[in-house]
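Right, one structure below, let's go through it.
Number of protein chains: 2
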Amino acid sequence: MKYSKLFGRTVKTVSKDLKLISNKYLYQAGFIRESVAGRYYYLPLGMIVRDKVVKIIEEEMDKSGAQKILAPVLHPLELWEKTNRTESVSFELMKVKDRNGSEFALGGTAEEMMVDLVQKFNISYNDLPFHIYQFSTKFRDELRARGGLLRLREFLMKDGYSFHADEKDFKKEYEKMQKVYRNIFKRLGLETLMVESDNGYIGGEYCHEFIVESEAGESRFLYTKDGSYAAHEDIAKFLKEKKNVDEKENKLTEVKAPRGNTMEDGVKFHKLPLWQQIKDVMFVDEKGRFILAIIRGDLNVNETKLKNIIKAVELRHATDEEIRELGSEPGFISPVGISKKVLVVADDSLKTIKNAYGGSNKKNIDLLNVNINRDYKPNLEGDIALAEEGFKNEQGQKLLAGKGIEVGNIFQLGYHYSEKMKALLTDKDGKEKMYYMGCYGIGIDRTIATVVEKYYDDNGIIWPEAIAPFKAHLIALGKDEKIYKQAEEIYEKLIKSGVEVLYDDRVNVMAGEKFADADLIGLPARIVISEKSLKAGGLELKKRGDKKNEIIKVSDLVKCFKL
Amino acid sequence: MKYSKLFGRTVKTVSKDLKLISNKYLYQAGFIRESVAGRYYYLPLGMIVRDKVVKIIEEEMDKSGAQKILAPVLHPLELWEKTNRTESVSFELMKVKDRNGSEFALGGTAEEMMVDLVQKFNISYNDLPFHIYQFSTKFRDELRARGGLLRLREFLMKDGYSFHADEKDFKKEYEKMQKVYRNIFKRLGLETLMVESDNGYIGGEYCHEFIVESEAGESRFLYTKDGSYAAHEDIAKFLKEKKNVDEKENKLTEVKAPRGNTMEDGVKFHKLPLWQQIKDVMFVDEKGRFILAIIRGDLNVNETKLKNIIKAVELRHATDEEIRELGSEPGFISPVGISKKVLVVADDSLKTIKNAYGGSNKKNIDLLNVNINRDYKPNLEGDIALAEEGFKNEQGQKLLAGKGIEVGNIFQLGYHYSEKMKALLTDKDGKEKMYYMGCYGIGIDRTIATVVEKYYDDNGIIWPEAIAPFKAHLIALGKDEKIYKQAEEIYEKLIKSGVEVLYDDRVNVMAGEKFADADLIGLPARIVISEKSLKAGGLELKKRGDKKNEIIKVSDLVKCFKL
Numbered sequence: 001m002k003y004s005k006l007f008g009r010t011v012k013t014v015s016k017d018l019k020l021i022s023n024k025y026l027y028q029a030g031f032i033r034e035s036v037a038g039r040y041y042y043l044p045l046g047m048i049v050r051d052k053v054v055k056i057i058e059e060e061m062d063k064s065g066a067q068k069i070l071a072p073v074l075h076p077l078e079l080w081e082k083t084n085r086t087e088s089v090s091f092e093l094m095k096v097k098d099r100n101g102s103e104f105a106l107g108g109t110a111e112e113m114m115v116d117l118v119q120k121f122n123i124s125y126n127d128l129p130f131h132i133y134q135f136s137t138k139f140r141d142e143l144r145a146r147g148g149l150l151r152l153r154e155f156l157m158k159d160g161y162s163f164h165a166d167e168k169d170f171k172k173e174y175e176k177m178q179k180v181y182r183n184i185f186k187r188l189g190l191e192t193l194m195v196e197s198d199n200g201y202i203g204g205e206y207c208h209e210f211i212v213e214s215e216a217g218e219s220r221f222l223y224t225k226d227g228s229y230a231a232h233e234d235i236a237k238f239l240k241e242k243k244n245v246d247e248k249e250n251k252l253t254e255v256k257a258p259r260g261n262t263m264e265d266g267v268k269f270h271k272l273p274l275w276q277q278i279k280d281v282m283f284v285d286e287k288g289r290f291i292l293a294i295i296r297g298d299l300n301v302n303e304t305k306l307k308n309i310i311k312a313v314e315l316r317h318a319t320d321e322e323i324r325e326l327g328s329e330p331g332f333i334s335p336v337g338i339s340k341k342v343l344v345v346a347d348d349s350l351k352t353i354k355n356a357y358g359g360s361n362k363k364n365i366d367l368l369n370v371n372i373n374r375d376y377k378p379n380l381e382g383d384i385a386l387a388e389e390g391f392k393n394e395q396g397q398k399l400l401a402g403k404g405i406e407v408g409n410i411f412q413l414g415y416h417y418s419e420k421m422k423a424l425l426t427d428k429d430g431k432e433k434m435y436y437m438g439c440y441g442i443g444i445d446r447t448i449a450t451v452v453e454k455y456y457d458d459n460g461i462i463w464p465e466a467i468a469p470f471k472a473h474l475i476a477l478g479k480d481e482k483i484y485k486q487a488e489e490i491y492e493k494l495i496k497s498g499v500e501v502l503y504d505d506r507v508n509v510m511a512g513e514k515f516a517d518a519d520l521i522g523l524p525a526r527i528v529i530s531e532k533s534l535k536a537g538g539l540e541l542k543k544r545g546d547k548k549n550e551i552i553k554v555s556d557l558v559k560c561f562k563l
Numbered sequence: 001m002k003y004s005k006l007f008g009r010t011v012k013t014v015s016k017d018l019k020l021i022s023n024k025y026l027y028q029a030g031f032i033r034e035s036v037a038g039r040y041y042y043l044p045l046g047m048i049v050r051d052k053v054v055k056i057i058e059e060e061m062d063k064s065g066a067q068k069i070l071a072p073v074l075h076p077l078e079l080w081e082k083t084n085r086t087e088s089v090s091f092e093l094m095k096v097k098d099r100n101g102s103e104f105a106l107g108g109t110a111e112e113m114m115v116d117l118v119q120k121f122n123i124s125y126n127d128l129p130f131h132i133y134q135f136s137t138k139f140r141d142e143l144r145a146r147g148g149l150l151r152l153r154e155f156l157m158k159d160g161y162s163f164h165a166d167e168k169d170f171k172k173e174y175e176k177m178q179k180v181y182r183n184i185f186k187r188l189g190l191e192t193l194m195v196e197s198d199n200g201y202i203g204g205e206y207c208h209e210f211i212v213e214s215e216a217g218e219s220r221f222l223y224t225k226d227g228s229y230a231a232h233e234d235i236a237k238f239l240k241e242k243k244n245v246d247e248k249e250n251k252l253t254e255v256k257a258p259r260g261n262t263m264e265d266g267v268k269f270h271k272l273p274l275w276q277q278i279k280d281v282m283f284v285d286e287k288g289r290f291i292l293a294i295i296r297g298d299l300n301v302n303e304t305k306l307k308n309i310i311k312a313v314e315l316r317h318a319t320d321e322e323i324r325e326l327g328s329e330p331g332f333i334s335p336v337g338i339s340k341k342v343l344v345v346a347d348d349s350l351k352t353i354k355n356a357y358g359g360s361n362k363k364n365i366d367l368l369n370v371n372i373n374r375d376y377k378p379n380l381e382g383d384i385a386l387a388e389e390g391f392k393n394e395q396g397q398k399l400l401a402g403k404g405i406e407v408g409n410i411f412q413l414g415y416h417y418s419e420k421m422k423a424l425l426t427d428k429d430g431k432e433k434m435y436y437m438g439c440y441g442i443g444i445d446r447t448i449a450t451v452v453e454k455y456y457d458d459n460g461i462i463w464p465e466a467i468a469p470f471k472a473h474l475i476a477l478g479k480d481e482k483i484y485k486q487a488e489e490i491y492e493k494l495i496k497s498g499v500e501v502l503y504d505d506r507v508n509v510m511a512g513e514k515f516a517d518a519d520l521i522g523l524p525a526r527i528v529i530s531e532k533s534l535k536a537g538g539l540e541l542k543k544r545g546d547k548k549n550e551i552i553k554v555s556d557l558v559k560c561f562k563l
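Line by line, the protein sequences give chains F and G. Read in order, the letters of the first sequence are residues 1 to 563 in my numbering. Read in order, the letters of the second sequence are residues 1 to 563 in my numbering.
Here's what the structure looks like:
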């Protein structure tokens, strides 16, 4: 490709709004352009990278025995109704009606479609296991899109679905896919951590995210130094050590408490430890339900854990007015005597303490010696606590906190879809039987952004060989026609030898600008031909990221590119 | 690929509803499955074919200098509003709103998006010409979907857009793309006719369809034997020879005419030639307008020509009640004295006759000696006549009628989008200037169906080498383990040699069934290994479509596949 012909070239300056490195450089170097928030155009350079990423994933998936197929983008809504997912993902799912009034979901994930497809064949135990996958555009009506390709409302996803007779057989595939994924990401230049995570709206019991550590990421996770444990913050469990649990329960007492509204104000006023205070957080869910989450004072509530326990899709904090309308008081909320309209959810940490203290639902009055299941009975009990760095896991190992980008995930789905969709297979004994499923996703666009977040310097991107849009950036300098003639010959020769090359053939552009563009675009090798280089014996070859260059003979150039 | 592992295998019987050959065989041989009407799943075999078709198109497009990009599937509706296309294609365009209330069109073609993208760069005359293209899923809310891949509501399209300084430069690209398209289709095994056609809703002045002659097609066109003329029926012009145009105009006369309602009834009753009668057809468009199309009695109205003249999107025939409510009478409609609510559109053939006869808007009363522009004045005049086989073109050559499948099209767009979207470039003199555009489409799914419509026999598909899912179908026969062991070795060897092979490794399936499946799937070469073949000296090699097979030595097998 000649740079003078390239559609979508570099730009010198970018808006300060492009805060993420990947967004800034992919824009500036001419790989992408925004259509509207969360929806992007791929320019020719970006398209080559995208195709290379797709090809690597495809190769590894095929090698694993998975088979590529394709489902329509528009999913008949009735399929999603069978699994009750039109409701549970209703804030993200986009829907459209056709001229005949048929309703469709714009596919955001394709479990229902794949089960629908499989149902079109009378499969038997003999046909299992199998794994089908696709690359297809997915739509999610995200509340907020981040800049660039990290969180899109429309994106390309590799989504695979495996079908098994039972859990034992599924686990083999689940383990195989872990290796396949590691290998895919490795080929893309990405080291990934496999982290236990929240199953979300997919349905099923467990799943793992493949996370690339990065400050640009939004996935927070906890792990042990030895690598034996890694879990997303939304599901990470930790040891809630017993505090004063052996104390005898004292009499519930109401006391005047002219104090401020914070937890610290309570500690100061009562001169009691933070952990002995009850933390009360009032939420409202998408259906308008009030939920009071209570937890030991030294811990925090994780909203995803809470959502999962109460089966809510979205949560917000209740307002002061709403709290007062419930007959309580901001800063003085208590599970003791709270309105029956409120669903009380207790973290199991409250069982590690006795004689807790906290509000009374009345201003400036506190309760002392509050004890769970004596003074109040929560509607639900469980783990809704946020794991934090420094906590210990259940094996007593110290937890470290990490942050990264989720580039892939693998899910156990179990019999969930087979059951909900009444999709069955014929077993050995001729009887109908449910099948066991797994699913496996990789976000292509996000993966590309992640590579850039990992491989860059102050001057631009540093593409890993495997997905660089071209292997070499050939630059001719000066105004001498002879130089350009020779550059053209080198360009042709590289192409003939199978070396992908971008040739900066612009005559009226200064050396500095050409070098800056080459650094920005970030191809692995830069080849310069100029009067100076020819005098020095040939061409200047420099690796992107290196400071030094070497002079090589023109005749040796092709040899430098291992194919 | 081993057949026993393949997802989506052949089926023995198919529903009689699958009338189209391509639909029937692609279903039966395990290439596709219907999701809902007009939306299909691709199974692994179909997916391989699709990828090969895409690759060939991509190679030829890249070779031509076009550059691959990608636009989002969801187009901001405001872009379509700029070109007034939300209205003119409103019956086909699907729309969706996101949670923030932003409206989007599900892309059916992408002129607006490409202009939007180009506008993000300050392009100058120096950057022209360029051609950008994409493969992307398109949505059209077709009133009716045909079975299989011939007419879909959701499909993959290669759509390219070229940008030029002026018409002269555009024409070079237009001619180049004609060659590129011919070459693409040739590589896919399809001979195409380039046929002038209706520009439809794209905007612009002229365009051509690439048509593969086929009974399964819906494109009707007229052409001359020498190939100098080929035009879609919707735009084909023909010579409307003068009839009695030199007669003097007689006095308009009302006569009693107790006759039936057909044209033939008029001829019989008045004993006058059919061509002298006025044919009146009353239509209603999507806005509820009444349109009276009138034409010489021996000709028929072409609705597309009519729609283009009156700028309507859809037409239907008026009902008898509607005609009566207008104060006219079915079978006796006349432009003379018709309600002013009615838009009268006259075909220019009415100028080739004098003293015409026809209805009077009153039952059983006809008019004689009706003359255009004396007794009635049409609101619009032009060519709304259907060209038919046997007519002559304007050069006097006889027209032949053809029928086929439109697999591609190329459009002149001119300054249309540049003007409507106020998208400009900087010219040499520093002034802003509109740019000249063309666009170029190929429907991938329809192309695949067309190949099957051309290459099949009673037993199944006969894939052309270039896009066959595999090159060879290896079949092991019998129950002898040794045979299967040797087959496995051959299978491995073919793969290692780069020969794509499907291996029917089923042990409990009879020879007849294996042969039938091989014929149905239609791979270019069938290789049989059996006790019989080994006794005869090796393997049976048969080309799909041939009746005879030959015996080749096992060691010679790989040589038989030219790579």
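The beta carbon of each residue, even a glycine, is placed where N, CA and C say it ideally should be.
Distance between residue j and residue i (C-alpha atoms, nearest Å)
i	j	result
K514 (chain G)	L45 (chain G)	17 Å
A231 (chain G)	I184 (chain G)	21 Å
R601 (chain F)	D519 (chain F)	This structure cannot speak to residue 601 (chain F), because chain F is shown only from 1 to 563.
A236 (chain G)	K340 (chain G)	31 Å
E325 (chain G)	A145 (chain G)	35 Å
G478 (chain F)	V507 (chain F)	7 Å
S15 (chain G)	F31 (chain G)	16 Å
Three-state secondary structure (DSSP) of residue i
i	result
L425 (chain F)	strand
F409 (chain G)	Contrary to the premise, residue 409 (chain G) reads as Asn rather than Phe in this sequence. N409 (chain G) falls in the strand class under three-state DSSP.
P44 (chain F)	helix
Q28 (chain F)	helix
V507 (chain F)	coil
V313 (chain G)	coil
N369 (chain F)	strand
I527 (chain G)	strand
Any chain G beta carbon closer than 8 Å to residue i
i	result
Y42 (chain F)	yes
F7 (chain F)	yes
T83 (chain F)	no
Closer than 8 Å to chain F by CB, residue i
i	result
V528 (chain G)	no
S35 (chain G)	yes
Q119 (chain G)	no
P469 (chain G)	no
E59 (chain G)	no
Cβ-based neighbour list, residue i, same chain, cut-off 7 Å, excluding 5 preceding and 5 following
i	result
Y491 (chain F)	L474, V501 and Y503
Y456 (chain F)	I21, Y25 and I462
Beta-carbon contacts of residue i that lie in its chain and below 6 Å, excluding the five residues immediately before and after
i	result
P258 (chain G)	N364
### Message
Taking 8 Å as the cut-off, does the region 364-374 of chain G touch the region 398-405 of chain G (at least 3 CB pairs, one atom from each stretch)?
### Response
The region 364-374 of chain G and the region 398-405 of chain G do not touch, with fewer than three beta-carbon pairs separated by less than 8 Å.
### Contact residues within the region 59-74 of chain F, judged by C-beta distance below 8 Å to chain B
You won't find chain B in this structure, because its protein chains are F and G.
### Message
Three or more C-beta pairs under 8 Å: does that hold for the region 393-400 of chain G against the region 233-252 of chain G?
### Response
yes
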